[in-house]
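Quick notes on the structure that follows.
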Amino acid sequence: MFIKEIEFVNFKSFGKRVKIPFYEGFTAISGPNGSGKSNIIDGILFALGLSGSKTMRAEKLTDLIFNDAKSKQPEFAQVTITFDNSDRKAPVEADEFEISRKIKQTKSGYYSYFYFNGKAVSLTEVHELLGKAGVTPEGYNVVMQGDISQITAKMSPTERRKIIDEIA
Amino acid sequence: MFIKEIEFVNFKSFGKRVKIPFYEGFTAISGPNGSGKSNIIDGILFALGLSGSKTMRAEKLTDLIFNDAKSKQPEFAQVTITFDNSDRKAPVEADEFEISRKIKQTKSGYYSYFYFNGKAVSLTEVHELLGKAGVTPEGYNVVMQGDISQITAKMSPTERRKIIDEIA
Amino acid sequence: KRDTFMEAYNGINENFTQVFFELADGHGELILENPNDPFAGGMTLHAQPKGKNILRLEAMSGGEKSLTALAFIIAIQGYRPAPFYVFDEVDQNLDGWNVERVAERVEKSAKVAQFIVISLRKPMLEQSDRIIGVTQLEGNTSITGVKSP
Amino acid sequence: KRDTFMEAYNGINENFTQVFFELADGHGELILENPNDPFAGGMTLHAQPKGKNILRLEAMSGGEKSLTALAFIIAIQGYRPAPFYVFDEVDQNLDGWNVERVAERVEKSAKVAQFIVISLRKPMLEQSDRIIGVTQLEGNTSITGVKSP
Ligand SMILES: Nc1ncnc2c1ncn2[C@@H]1O[C@H](COP(=O)(O)OP(=O)(O)OP(=O)(O)O)[C@@H](O)[C@H]1O
Ligand SMILES: Nc1ncnc2c1ncn2[C@@H]1O[C@H](COP(=O)(O)OP(=O)(O)OP(=O)(O)O)[C@@H](O)[C@H]1O
Ligand SMILES: [Mg+2]
Ligand SMILES: [Mg+2]
Chain A
1 MFIKEIEFVN
11 FKSFGKRVKI
21 PFYEGFTAIS
31 GPNGSGKSNI
41 IDGILFALGL
51 SGSKTMRAEK
61 LTDLIFNDAK
71 SKQPEFAQVT
81 ITFDNSDRKA
91 PVEADEFEIS
101 RKIKQTKSGY
111 YSYFYFNGKA
121 VSLTEVHELL
131 GKAGVTPEGY
141 NVVMQGDISQ
151 ITAKMSPTER
161 RKIIDEIA
Chain B
1001 MFIKEIEFVN
1011 FKSFGKRVKI
1021 PFYEGFTAIS
1031 GPNGSGKSNI
1041 IDGILFALGL
1051 SGSKTMRAEK
1061 LTDLIFNDAK
1071 SKQPEFAQVT
1081 ITFDNSDRKA
1091 PVEADEFEIS
1101 RKIKQTKSGY
1111 YSYFYFNGKA
1121 VSLTEVHELL
1131 GKAGVTPEGY
1141 NVVMQGDISQ
1151 ITAKMSPTER
1161 RKIIDEIA
Chain C
2001 KRDTFMEAYN
2011 GINENFTQVF
2021 FELADGHGEL
2031 ILENPNDPFA
2041 GGMTLHAQPK
2051 GKNILRLEAM
2061 SGGEKSLTAL
2071 AFIIAIQGYR
2081 PAPFYVFDEV
2091 DQNLDGWNVE
2101 RVAERVEKSA
2111 KVAQFIVISL
2121 RKPMLEQSDR
2131 IIGVTQLEGN
2141 TSITGVKSP
Chain D
3001 KRDTFMEAYN
3011 GINENFTQVF
3021 FELADGHGEL
3031 ILENPNDPFA
3041 GGMTLHAQPK
3051 GKNILRLEAM
3061 SGGEKSLTAL
3071 AFIIAIQGYR
3081 PAPFYVFDEV
3091 DQNLDGWNVE
3101 RVAERVEKSA
3111 KVAQFIVISL
3121 RKPMLEQSDR
3131 IIGVTQLEGN
3141 TSITGVKSP
């Protein structure tokens, strides 16, 4: 199982519809400061429900909707991840599947929907599916910018031991 | 006024007596990870009393004394900074002067002494002398490793305004 | 419960020692505060880069902390692999030599799991299988293409 | 008291706009929350890299935050210079192009004050007047020498 493609629509600095192809093995991402590299990771965390808004550098979820202060802000943002599942690592009977998340701004606030192959599902269902494939909600497989030298140093001994508890 | 030389004796990873020459203008320091580059800055903060032990990655000041777990730990550590003062930026009538600090471990704890040209002085006297030369105790002129992307982002608006207060 | 914990702990500890040796030529170990009743205590990471004594995590340099953390993450991957890993500039504290070593280790791990690594450092980009270029124009992010290093 | 504050604020703000333009081709400004009574409010930094809208500090990327912080420090230096500045890997978040720009700006500032800059990045080392090499053997730090870039 691996990420095959990610589609961003009005998510952070992705003002248009942008599709990025991904591959197995070792893929590097590079580009100038401020070009949107970390926003790709924020998109992965957002779509898979792996974190609260605090780690996406947004005060509230609607800050994730594209806003260039020139044109009218779109009403919604969406990130869709297509997984290749030909090794059936995820408990899904198909070579591919999609997990998607959309937030929509309304007058009174916002709505947040998760989708599995186009069908609305809950965050818990998404976590269950990913958990069986080895992706835990704490997401030790995702290291955010600047966190690497904090991960081990800032944790308490009990927090470190708890990592093993979860894996066991 | 500029830093002309720094001598380290038993300070952190400087197990022997090491003298480092410095110059006016732009001097870079480079070397492998863990070789002792940041310890040089810790030495400057230590000698000039610019920070508490928390920013020198030491739990207590005696952690700053060289310790390689092979030989007997020395009783004291000392850092001496020689300043070139030919432009008389510091209120001292001499082309050079030295500020030094020594910590000595005893059975019941430790002693910390500051010296100005070999004569024992207090931390307040050191701060007064440096303040007149434009070096403030908060040390905005020293940026520790990892702090650069935090400096402006982590401060509150009031803290930022206070920086201007001090300078005014 | 204690048995499954100890099995995971031993497996990850063995990997950690192996990976830390590969990355930093040193000796690394995961130490339980209370080995008889692991749930009553925590766990610390001991790392001893070549030629040095054992370091407290707090006393390490920026680069040493990064290497230790990476060794820990890769050690967990060896025991219980996730399908994909995403690293955002994990090499920013590393000197050129250590960037190369980490890149080689990632390349090795990428044979069994997908690794997506954001980096600004040449030795990391050169070791990858392909580089996705990102740019922005008038605040709009787009992809410049996918090329081989 | 208000007058000396406003004099410092205006001087530093002017410098900040100038340096942020040099470093990031953008428009930077220090904004007082309460300009009539500055002590009753705080101060925020507005930075607008080329082609983008004004950024909240928290929404910036790692590199943009570093550039903004460096512009602020250099702006203060221009108004009230300290005799020496010590920077420890301030370029770790920057792409190669921005490392070069910061290095050039440090070289310019180093004409009026001493700059001691720890760095692992080539463009920074190449711009310096001299490089002090540091190494360690058996846990003992020593200097390998002083060379010109
Ligand atoms: N909702 C939004 N609408 C438009 N732009 C946004 C939004 N949220 C964030 N951004 C922009 O995204 C940019 C940051 O992108 P990102 O953090 O991905 O950069 P990066 O490529 O990781 O850079 P670095 O190399 O410095 O880490 C900021 O300049 C910010 O203006
Ligand atoms: N009291 C001490 N006695 C001996 N060694 C010490 C002492 N305190 C710290 N050290 C050593 O200093 C080393 C860290 O040095 P320092 O942080 O200066 O490295 P650095 O050159 O800045 O590396 P990096 O490039 O990774 O930031 C550690 O390996 C630690 O073992
Ligand atoms: Mg980034
Ligand atoms: Mg360092």
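So the sequence lines, in the order shown, correspond to chains A, B, C and D.
All residue numbers for the first sequence refer to the working numbering, where the first residue is 1 and numbers rise by one.
All residue numbers for the second sequence refer to the working numbering, where the first residue is 1001 and numbers rise by one.
All residue numbers for the third sequence refer to the working numbering, where the first residue is 2001 and numbers rise by one.
All residue numbers for the fourth sequence refer to the working numbering, where the first residue is 3001 and numbers rise by one.
Glycine included, every Cβ here is placed at the ideal spot set by N, Cα and C.
Note down the Cα distance separating Gln1078(B) from Arg1017(B), rounded to an integer number of angstroms. Gln1078(B) and Arg1017(B) have their C-alpha atoms spaced approximately 9 Å apart.
May I ask you to verify whether the segment 87-102 of chain A touches the segment 59-69 of chain A, counting CB pairs closer than 8 Å and requiring at least 3? The segment 87-102 of chain A vs the segment 59-69 of chain A: no contact.
Could you check whether the Cβ of Gln2127(C) sits closer than 8 Å to any Cβ belonging to chain D? Contact of Gln2127(C) with chain D is not assigned, every C-beta pair being separated by 8 Å or more.
Suppose you measure from the CA of Asp1165(B) to the CA of Glu3014(D); what does that come to, to the nearest Å? Separation of Asp1165(B) and Glu3014(D) (C-alpha to C-alpha, rounded to the nearest whole angstrom) is 17 Å.
Hey, is Glu3064(D) close to ligand 1, as in C-beta under 7 Å from one of its heavy atoms? Yes - ligand 1 has a heavy atom lying nearer than 7 Å to the Cβ of Glu3064(D).
Assign Asp2091(C) to one of two classes, buried (16 or more other C-beta atoms within 10 Å of its C-beta) or exposed (fewer than that). Counting the other Cβ atoms within 10 Å of the Cβ of Asp2091(C) gives 16 or more, which makes it buried.
Output yes if chain D places a C-beta closer than 8 Å to the C-beta of Asp2095(C); else output no. Taking 8 Å as the threshold, the shortest C-beta distance from Asp2095(C) to chain D falls below it.
For Phe2084(C) versus Ile2116(C), is the C-beta distance shorter than 8 Å? Yes, Cβ-Cβ distance for Phe2084(C) and Ile2116(C) is below 8 Å.
Does the Cβ of Asp42(A) lie closer than 7 Å to at least one heavy atom of ligand 3? Checking the Cβ of Asp42(A) against ligand 3 gives no.
With 16 other Cβ atoms within 10 Å as the buried cut-off, status of Glu1159(B): Answer is exposed; the Cβ neighbour count stays below 16.
Mind listing the chain A neighbours of Asn2140(C)? Cutoff is C-beta to C-beta under 8 Å, in chain order. Within chain A, the residues near Asn2140(C) are Ser13, Phe14, Gly15, Lys16, Asp68.
Tell me where the beta strand (DSSP E) around Lys1104(B) begins and ends. Here the beta strand (DSSP E) through Lys1104(B) covers 1096-1106.
In its own chain, which residues sit with a C-beta less than 8 Å from the C-beta of Phe1022(B), not counting the 5 before and 5 after it? Cβ neighbours of Phe1022(B) beyond the five flanking positions: Phe1002, Ile1003, Lys1004, Glu1005, Ile1006.
Which residues in chain A have a C-beta closer than 8 Å to the C-beta of Gly3028(D)? List them in chain order. Residues of chain A whose Cβ lies closer than 8 Å to the Cβ of Gly3028(D) do not exist; the shortest such Cβ separation is about 14 Å.
Using a beta-carbon distance below 8 Å, is Tyr1111(B) in contact with chain D? In terms of beta-carbon proximity, Tyr1111(B) stays away from the interface with chain D, with every pair separated by 8 Å or more.
Can you give me the start and stop residues for the alpha helix (DSSP H) that Leu1048(B) sits inside? Element bounds for Leu1048(B): 1037-1048.
Rounded to whole angstroms, what's the CA-CA distance from Ala3113(D) to Ser1035(B)? Just pull it up for me. Cα to Cα, the separation comes out at about 27 Å.
Does DSSP classify Ser53(A) as helix, strand or coil? Confidence is the limiting factor: at Ser53(A) the pLDDT is only 48, short of 50, which leaves the residue's position unreliable, though a coordinate-based value still follows. Helix, per DSSP.
At a cut-off of 7 Å, is Ser2061(C) close to ligand 4 when judged by its beta-carbon and the heavy atoms of the ligand? For ligand 4, at least one heavy atom lies less than 7 Å from the Cβ of Ser2061(C).
Tell me the DSSP secondary structure of Val2090(C) in three-state form. Looking at Val2090(C) - three-state DSSP - the assignment turns out to be coil, as it is neither helix nor strand.
Just by C-beta distance, which residues in the segment 3031-3053 of chain D are closer than 9 Å to chain A? Hits within the stretch, in order: Pro3049, Lys3052, Asn3053.
With Ile103(A) and Tyr111(A) assumed to form a contact (beta carbons below 8 Å), what rounded beta-carbon distance in angstroms separates them? Sure, about 7 Å apart at Cβ, within 8 Å.
At the 8 Å Cβ level, is Ser1053(B) part of the contact set with chain D, yes or no? Any reading at Ser1053(B) must be qualified, since the residue scores a pLDDT of 48, below 50, and its modelled position is unreliable; the value itself is stated next. Residue-level contact by beta carbon fails for Ser1053(B) and chain D, as no gap is shorter than 8 Å.
Which same chain residues end up closer than 6 Å to Arg3121(D) when comparing Cβ atoms and leaving out the 5 residues on each side of it in sequence? In its chain, beyond the 5 residues on either side, Asp3091, Val3099 have a beta carbon closer than 6 Å to the beta carbon of Arg3121(D).
Looking at Leu2023(C): is its Cβ nearer than 8 Å to the Cβ of Tyr2009(C)? Cβ distance not < 8 Å, so Leu2023(C) and Tyr2009(C) don't count as in contact.
Continuous beta strand (DSSP E) stretch holding Gly131(A): start and end: Note, Gly131(A): premise wrong, no beta strand (DSSP E); alpha helix (DSSP H) at 123-132.
Rounded separation between Glu2007(C) and Ala2040(C) - CA only: Their Cα atoms are separated by approximately 17 Å.
Would you check if the distance between the CB atom of Gln2048(C) and the CB atom of Leu2055(C) is smaller than 8 Å? Here Gln2048(C) is near Leu2055(C), since their CB atoms are less than 8 Å apart.
Against chain B, with Cβ distances strictly below 8 Å, would Ala3024(D) count as a contact? Not closer than 8 Å to any Cβ of chain B, the Cβ of Ala3024(D) fails to qualify, so no.
Short CB-CB distance (under 8 Å) between Ala1032(B) and chain C: According to the sequence displayed, residue 1032(B) carries Pro and not Ala. At a cut-off of 8 Å, the C-beta of Pro1032(B) has a neighbouring C-beta in chain C.
What are the partner residues of Ser30(A), as DSSP defines its beta bridges? DSSP, once it has assigned bridges, lists Gly2133(C) as partnering Ser30(A).
Residues, ordered as in the chain, of the segment 2065-2084 of chain C that lie near chain B by beta-carbon distance below 9 Å: Correct list: Ser2066, Leu2067.
Is the shortest distance between the beta-carbon of Leu3120(D) and the beta-carbons of chain C less than 8 Å? Put simply, the CB of Leu3120(D) is near chain C, with a gap under 8 Å to one of its CB atoms.
DSSP state of Thr1024(B) mapped onto helix, strand, coil: Residue identity check: residue 1024(B) is Glu in the sequence provided, not Thr. Note: Glu1024(B) maps to coil in three-state DSSP.
Check whether chain D comes within 8 Å of Leu2137(C), counting only Cβ atoms and requiring the distance to be less than that. Residue contact check for Leu2137(C) against chain D: a CB pair falls below 8 Å.
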